[in-house]
Amino acid sequence: MIINTGGRTDTVQYYSQWLLNRFKEGFVYTRNPLFPSKVTRYELTPDKIDCIVFCSKNYEPVLERLHEITDKFNTYFHYTITAYGTDIEPRVPSIEKSIETLLKLENIVGKNRIAWRYDPVLLTGKYTIDYHLKTFENMAKQLSGHIDRCIFSFVEMYKKLSVNMPELKAITDEQKTALARGMGKIAQEYNIHLQTCATNGDYTSFGIYPSGCMTLDILGNANNIKFKKLKHKGMRKHCHCIEARDIGAYDTCPNGCRYCYANSTPKKAIENFKLHNPNSPILLGKIKEPDIIQQGNQKSFLAEDKDICPASELF
């Protein structure tokens with residue numbers, strides 16, 4: 003079983019004490035976002051978890067105690083660092099600070115377990131194609147040799163973005179091609195493996211690989227482990243990732259990113275954050291009537307000798 007800690011909220015940045023407590027106690031409760039009274043329990047023990055995938059915009063809060071997890075589990079780390087300032091990402095550290103923290107993370111876990119996420123790519127009057135390419139090159143220059151790969155995607159035009167971010171401009175196919183061509187050229191110059199994530203479009207001619215951001219070959223190669231040959235069903239449209247279980251909750255990330263799909267509004271996330279108890283087995287609030295707790299199905303994806311297949315077939 004693969005655990006995802008950051009798909010619904012920035013657990014590392016805002017709930018690091020809770021996260022460390024959960025792994026120390028060896029279990030977690032997760033509320034079903036569609037049926038809130040249904041709660042699933044997952045055992046957070048090495049015999050039940052094949053790999054833990056983290057995703058955050060700030061790993062600083064957890065660095066000193068990260069070994070409590072990495073000493074016991076296979077892990078992989080997505081570090082999102084974009085071109086945007088506080089006008090778009092109000093509570094996210096600066097590019098300079100983020101790169102500094104990524105290098106600290108590398109010293110702990112190694113570059114092979116870190117993916118730099120440059121997403122979502124969006125356009126406004128300020129954040130133009132030229133702005134992106136100039137910023138991307140500056141960051142690529144500093145991160146070259148310190149990461150496993152770079153992953154990018156284009157912003158999805160959710161309906162709520164017309165309210166949360168009215169200055170957002172729809173990206174045309176021509177603009178996507180211009181961005182991909184420029185980013186591909188920069189990635190090749192700095193010897194960075196560049197790939198898309200949940201993006202509909204073929205940019206292989208620019209040296210950009212179509213893949214999922216959480217595939218068994220990526221996780222296996224990073225941790226020197228082998229997985230069974232399994233189909234990657236994906237988590238959403240155009241997604242090629244392996245099935246994972248997220249232990250976070252929607253509407254709980256205080257970062258306030260205006261393009262965020264996981265928060266209905268930044269205000270609601272701040273209000274929910276106040277309900278968090280780091281000692282609770284569930285991220286938000288507590289277990290109460292009429293909650294129904296069920297044990298999650300934690301089937302291992304790890305291969306036995308007879309199940310091992312070439313990494314090139316795992317996508």
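Its first residue numbered 3, the sequence shown is counted upward by one per residue in the numbering used here. Cβ atoms here follow ideal geometry from the backbone N, Cα and C, with glycine treated the same way. Just so it is clear, the structure is predicted and the values come from calculations on it, not from any experiment.
Out of curiosity, what's the CA-to-CA distance linking Lys113 and Leu105? Taking the sequence shown and counting its residues from 1, the one referred to as residue 113 is at position 111. Taking the sequence shown and counting its residues from 1, the one referred to as residue 105 is at position 103. One C-alpha to the other measures close to 9 angstroms.
Among Gly87, Ile5, Val157, Phe229, whose alpha-carbon lies nearest the alpha-carbon of Thr137? Counting from one through the sequence shown, the residue named residue 137 turns up at place 135. It is Gly87.
What ranges does the alpha helix (DSSP H) occupy inside the stretch 170-218, keeping only unbroken runs of at least 4 residues that lie completely in it? 175-191
So Asn6 packs on Val55, CB below 8 angstroms; how close in whole Å? Residue numbering aside, residue 6 sits at position 4 when the sequence shown is read from its first letter. Residue numbering aside, residue 55 sits at position 53 when the sequence shown is read from its first letter. Rounded, the Cβ-Cβ distance is 5 angstroms, consistent with contact.
What three-state label does DSSP hand Asn223 in the structure shown? Here residue 223 refers to the residue found at position 221 when the sequence shown is read from its first residue. In the structure shown, Asn223 sits in a helix (DSSP, three-state: H, G or I).
Taking all protein chains shown into account, decide if Ser314 is buried (16 or more other Cβ within 10 angstroms of its Cβ) or exposed. Counted from its first residue, the sequence shown places residue 314 at position 312. Because the pLDDT of Ser314 is 41, which lies under 50, any placement of that residue in the model is unreliable, and the number read from its coordinates should be weighed accordingly. The residue in question, Ser314, is exposed, as its Cβ has fewer than 16 Cβ neighbours within 10 Å.
Would you please state the rounded distance, in angstroms, between the beta carbons of Leu135 and Gly184? I believe it to be under 8 angstroms. Within the sequence shown, the letter at position 133 stands for residue 135. Within the sequence shown, the letter at position 182 stands for residue 184. Rounded, the Cβ-Cβ distance is 4 angstroms, consistent with contact.
Would Lys59 pass as a contact of Met3 if the rule is Cβ separation under 8 angstroms? Working through the sequence shown from its first residue, we reach residue 59 at position 57. Working through the sequence shown from its first residue, we reach residue 3 at position 1. Judged by their CB atoms, Lys59 and Met3 are not nearer to each other than the 8 angstroms cut-off.
Buried or exposed: where does His80 fall if 16 or more other Cβ atoms within 10 Å of its Cβ makes it buried? Looking up residue 80 in the sequence shown gives position 78. Its Cβ being crowded by 16 or more others within 10 Å, His80 is buried.
Closest by C-alpha distance to Ile244, when choosing among Tyr160, Leu221, Gly250, Glu291: Within the sequence shown, residue 244 is the residue found at index 242, counting from 1. Nearest of Tyr160, Leu221, Gly250, Glu291 to Ile244, Cα basis: Leu221.
Nearest residue (CA-CA) to Arg43, options Arg33, Phe37, Asp52: Your numbering for residue 43 matches position 41 in the sequence shown. The closest CA to that of Arg43, considering only Arg33, Phe37, Asp52, is found on Arg33.
Could you check if Ile194 is buried or exposed, using at least 16 other CB atoms within 10 Å of its CB as the buried criterion? For the purposes of this step, residue 194 is taken as residue 192 along the sequence shown, with counting starting at 1. By the neighbour-count rule (16 or more Cβ atoms within 10 Å), Ile194 is buried.
Taking 8 angstroms as the threshold (C-beta atoms), are Leu124 and Val94 in contact? For this step, residue 94 is matched to residue 92 along the sequence shown. For this step, residue 124 is matched to residue 122 along the sequence shown. Taking 8 angstroms as the Cβ cut-off, Val94 and Leu124 do not qualify as a contacting pair.
Please report the distance separating the alpha-carbon of Ile97 from that of Pro292. Along the sequence shown, one-based indexing puts residue 97 at 95. Along the sequence shown, one-based indexing puts residue 292 at 290. When rounded, the distance between both Cα atoms is 45 angstroms.
Rounded C-beta distance between Ile295 and Val14? I'm assuming under 8 angstroms. Counting from one through the sequence shown, the residue named residue 295 turns up at place 293. Counting from one through the sequence shown, the residue named residue 14 turns up at place 12. Wrong, their Cβ atoms sit about 26 angstroms apart, outside the cutoff.
Given this structure, state the Cα-to-Cα distance separating Lys128 from Leu181, to the nearest angstrom. Numbered from its first residue, the sequence shown carries residue 128 at position 126. Numbered from its first residue, the sequence shown carries residue 181 at position 179. Going by the C-alpha atoms only, they are around 15 angstroms apart.
May I ask which residues mark the beginning and end of the beta strand (DSSP E) holding Thr42? Along the sequence shown, one-based indexing puts residue 42 at 40. Per DSSP, Thr42 is one residue of the beta strand (DSSP E) stretching across 40-45.
Using only CA atoms, which one of Pro48, Thr179, Phe275, Pro35 lies nearest to Gly258? Residue numbering aside, residue 258 sits at position 256 when the sequence shown is read from its first letter. Closest option to Gly258, Cα to Cα, is Phe275.
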